[in-house]
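Adding 736 to a residue's 1-based position in the sequence shown gives its number in my numbering. Worksheet: one structure, shown below.
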Amino acid sequence: MQRSLSTVLLLASTAAVTPAIAADAGARPVLEEVLVTARKRSERAIEAPVAVTAFSAEQLDTLKARDLTRLSAGLPGVLLDDVGTRRGTANFSIRGLGINSSIPSIDPAVGVFVNGVYLAVNNDTVFDVFDLERIEVLRGPQGILFGRNVTGGAVLLETRKPGERFEAALRGAVEGGGDGGLSRYLMGSLSGPLSDSLKGRLVLYGNDDQGWFENLADGEDFGAVEQAMARGTLVWEPTAADTVTLFYERTDIDGEGAATQSHTNGSGIPGTPRNFPRDSHEFAIDERGYQSVESDFLTLRWDRSVGFGEGTVTNIFGWRDQSSVAMSDIDGQPDFLFHSPGWIDAEQWSNELRYRGQFGSALDVTAGLYLFSGDLAYHDRRLFLGESGVPGSAAFTQDGGGEQELDTLAVFGSADYALNERWTLSAGLRLSREEKAVQVASFNLNPTPCNIVVSGDCPFDFRDRDQWDTLSPRLGVSYRPDADRHVYASWTRGFRSGGYNLRNSNAAQPPGPYDEEQVDTVELGYKQRAGAWALNAALYHTQVEDMQREVNLPSGTAGILQLIRNTASAELSGAELDLTVEAGAGFTLAATASYLDARYTKVRFDLDGNGTVDGADEDLELPRAPEWTGSLEARWQGAVPGGRLDARAAWNYRDRVAYTDNDLGYILAQDLVDLDLAWTSAGGRWTVAAYARNLLNEVKHGGDSQLPAVFIGEPLGGTFSPLARGRIVGISVDWRLGS
């Protein structure tokens, strides 16, 4: 595999926009750039001195990207994983910087932004996306313009806005491919002008999924979920200088819990009484679990053109309220040993006021003020050793969790100064102040049932408040010999928030505060576009100080201990490459590759659990940091009777990665093969598509937590490893009017 990827590495390069294929029936494929907003202004990707991959609405339709995890394939060095403990919990990693946890108080290393609004909690993030205008994936620290908790990168989602003419669209799809039932999708949109100055768009979405898996404990389909979403957008232009955009989205999701597999763990101990092959989708659990999610999301944006610097003033206000309850079978067995329901209530609001202007032909300035406030309430209940004959009861219980208040204030500025037509210097700075106040109820102190979220009757044994002030700078230089070539170099410092562990298993171990994580990255990039090909490359070196880790340990009394500590310093060096070629005769070929060398340089915590901090700890792998990722893709487009035919075949690879810091838990390497075939009628009114994702039915786990050999006197062993779905085959039909 290394030889084949090395060949790709010599041919390919990355940091760029994946080209889109022209939509006219019978047209030859052409390289069409997706405009990006990585610098909070719309520009060609080749103009941005940052590693960014963007997907247009047409590309997302082709990829059948129902959620963000499906975009990981083909993105060099990017892992957009769902940990699976609670469905929809983002464990995103870019260039080896990410998290491996479902604890809601852990801040991400890869930030997710919807219409410019930051989503502060990883939980309830990875659900179906639809009717998007664009997705951008930014690699490397983005802290100057996007804030803290983007040390690995940022994922930017922009929903479609209403256009100048009436449009209507309807899509139906059916998917299957597993041992379970079918998944059915239906979505529709109406869009257009409501008056001379007002435009609107309404989108409805529904998914009825019978469950991809089969639970071998009862032979029934497993993983059922029903999702309903409604989104409305209004764009008002009261004057030639003003644009006001109002966005609201409501989401309701009800479904079963995680498909948790137990297989032989990293210590060689199989699960008891059932143990399944790690490379299979087999599992058997007695607790089917559940998950219910409700969320409301509101964004109000105002853009005003001003004469000062021929600039634009933008204000983005965002509010999101989410609540969820879930149940998971943690022991992964058909016996009741360890089950856990959990509750999350999270509310946030934010406001960003910024100015962007250009002074003459040399100076471009962006500056702003950012406010954020968030409240989080979290509760977990641990049910141990179920008593036979009494459904849902347990011999022992533990209750714990906590409440957190978060407030952030930041000022930021960025400037680009053109020395001449070819050379540009850039500099940026962000000053942030963040304060967190928490109260925590430790699990081991609450054997009598209580609930922080529902009834508010849990006694808190830990209370604290802390504040962090950070200064994030960036320096860069760009060389543009012409409009289609760009060489850039930059140094950026970013921070990941300090904080507290709201899932504290032992009151003798304080849940915090742990300190902020500092990341310094030096990057060298090259981008070039020609008439029939696009080439992009990036080299980077990252140093991490006070690295935050969730140390995941098996426990004979608590099941799993999760400690959050500043454990180490680390260095991560890598190369990313991407090449796209219009090969003629309707063919477009693309290849990507990424190499990452990630290693600890200094460890101050006993990661491997041998009782000492030594060289063995420094030799461990960093979690979610694949050494190699790569992809090959071929597309063909041509005229056929009555319209156009599009065909696509893609292979995507990523190495095995560690899940736990002690190297006992890991996630298998992935070889993913995708196929697509779509017919579009003349004029573009109808599209009928057939597709396959993960055709080889590769197995992927969200996590791989190690379970103890003996749990409260009962044999257990194995792992808690939530399964992702395997092979998916589907067919979709699209109808459009006026688009």
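Note that the Cβ used here is the ideal one computed from N, Cα and C, for glycine as well. Note that the coordinates shown come from a computational prediction; the quantities given were computed from them, not determined experimentally.
{"Check": "Should P1183 be labelled buried (16 or more other beta-carbon atoms within 10 Å of its own) or exposed?", "Outcome": "exposed"}
{"Check": "Output the boundary residues of the beta strand (DSSP E) element that contains G1351.", "Outcome": "It is not in any beta strand (DSSP E) - G1351 instead sits in the alpha helix (DSSP H) that spans 1351-1354."}
{"Check": "Report the CB separation of A1425 from L1413 in whole angstroms; it is logged as a contact under 8 Å.", "Outcome": "7 Å"}
{"Check": "Looking only at its chain, what residues have a beta carbon closer than 8 Å to the beta carbon of P1185, apart from the 5 residues adjacent to it on each side?", "Outcome": "R1117, T1133, D1135"}
{"Check": "Please name the residue or residues paired with H1277 in a DSSP beta bridge.", "Outcome": "V1258, S1309"}
{"Check": "On a Cα-Cα basis, can you pick out the residue from V865, Q878, G1096, G1002 that is closest to R986?", "Outcome": "V865"}
{"Check": "Have a look at A1445, R823, A1334 and flag the residue whose alpha-carbon is nearest the alpha-carbon of D1065.", "Outcome": "R823"}
{"Check": "Closer than 8 Å is the cut-off here; do at least three beta carbon pairs connect the region 1093-1101 with the region 838-856?", "Outcome": "no"}
{"Check": "Taking the C-alpha atoms as reference points, what is the distance between P1209 and V891?", "Outcome": "21 Å"}
{"Check": "Do the CB positions of L1368 and A1327 come within less than 8 Å of each other?", "Outcome": "yes"}
{"Check": "From the DSSP secondary-structure annotation, give me the bridge partner or partners of N943.", "Outcome": "Y921, Q963"}
{"Check": "Is it buried or exposed for A1020, if we count other Cβ within 10 angstroms and need 16 for buried?", "Outcome": "buried"}
{"Check": "Along the alpha helix (DSSP H) that carries I1052, what are the first and last residues, could you check?", "Outcome": "Per DSSP, I1052 belongs to no alpha helix (DSSP H); it is in the beta strand (DSSP E), 1047-1065."}
{"Check": "Find out if the Cβ-Cβ distance for the pair T825, V862 is shorter than 8 Å.", "Outcome": "yes"}
{"Check": "Applying the criterion that 16 or more other CB atoms from any shown protein chain within 10 Å of the CB defines a buried residue, is L1161 buried or exposed?", "Outcome": "exposed"}
{"Check": "Cα-Cα, which of T1048, Q1058, R1301 is closest to V980?", "Outcome": "T1048"}
{"Check": "Rank F1072, G1192, S1109 by C-alpha distance to the C-alpha of E1123 and give the top, closest one.", "Outcome": "F1072"}
{"Check": "Measure the alpha-carbon distance for L1289 versus Q1069 and round it to whole angstroms.", "Outcome": "19 Å"}
{"Check": "Contact defined as beta carbons within less than 8 Å: I believe T1303 pairs with R1340. What is the distance between those atoms, to the nearest angstrom?", "Outcome": "7 Å"}
{"Check": "Determine the DSSP secondary structure at D988, reduced to helix, strand or coil.", "Outcome": "strand"}
{"Check": "If you drop the 5 nearest sequence neighbours on each side, which residues of the same chain put their C-beta closer than 6 Å to that of L1211?", "Outcome": "A1163, W1227"}
{"Check": "So, using beta-carbon positions, are W1372 and G1320 closer together than 8 Å?", "Outcome": "no"}
{"Check": "Within its chain, find whatever has a CB closer than 6 Å to the CB of V744; leave out the 5 residues flanking it on each side and keep chain order.", "Outcome": "For V744, the predicted model reports a pLDDT of 35, less than 50, meaning its position is unreliable; a value from the coordinates is still stated below. Excluding positions up to five away in sequence, the list reads A1327, A1329, G1366."}
{"Check": "Measure from the alpha carbon of G942 to the alpha carbon of each residue in A809, S931, L922, E950, then state which is nearest.", "Outcome": "L922"}
{"Check": "Hey, I835 and N827: beta-carbon distance below 8 Å or not?", "Outcome": "yes"}
{"Check": "Return the CA-CA distance between T805 and A1113, expressed in angstroms with no decimal places.", "Outcome": "26 Å"}
{"Check": "Using CA coordinates, which residue listed in N1388, S778, S1031 is at the minimum distance from Y984?", "Outcome": "S1031"}
{"Check": "Rounded to whole angstroms, what's the CA-CA distance from A763 to A1375? Just pull it up for me.", "Outcome": "Legend: pLDDT at A763 = 39, less than 50; position of this residue unreliable, value from coordinates given subsequently. One C-alpha to the other measures close to 7 Å."}
{"Check": "Check this for me: beta carbons of G1002 and D1399, under 8 Å apart or not?", "Outcome": "yes"}
{"Check": "Is it buried or exposed for A856, if we count other Cβ within 10 angstroms and need 16 for buried?", "Outcome": "buried"}
{"Check": "I'd like to know if the region 1459-1471 and the region 1074-1081 are in contact, where contact means that at least 3 CB-CB pairs between them fall below 8 Å.", "Outcome": "no"}
{"Check": "DSSP three-state call for I782: helix, strand or coil?", "Outcome": "helix"}
{"Check": "Go ahead and pull the three-state DSSP assignment for F791.", "Outcome": "strand"}
{"Check": "Write down the C-beta distance between D990 and F949 rounded to the nearest angstrom, noting that I regard them as a contact closer than 8 Å.", "Outcome": "D990 to F949, Cβ: 17 Å. No contact."}
{"Check": "R870 and V971: beta carbons closer than 8 Å?", "Outcome": "no"}
{"Check": "For I1464, which of S778, Q795, R802 has the nearest alpha-carbon?", "Outcome": "R802"}
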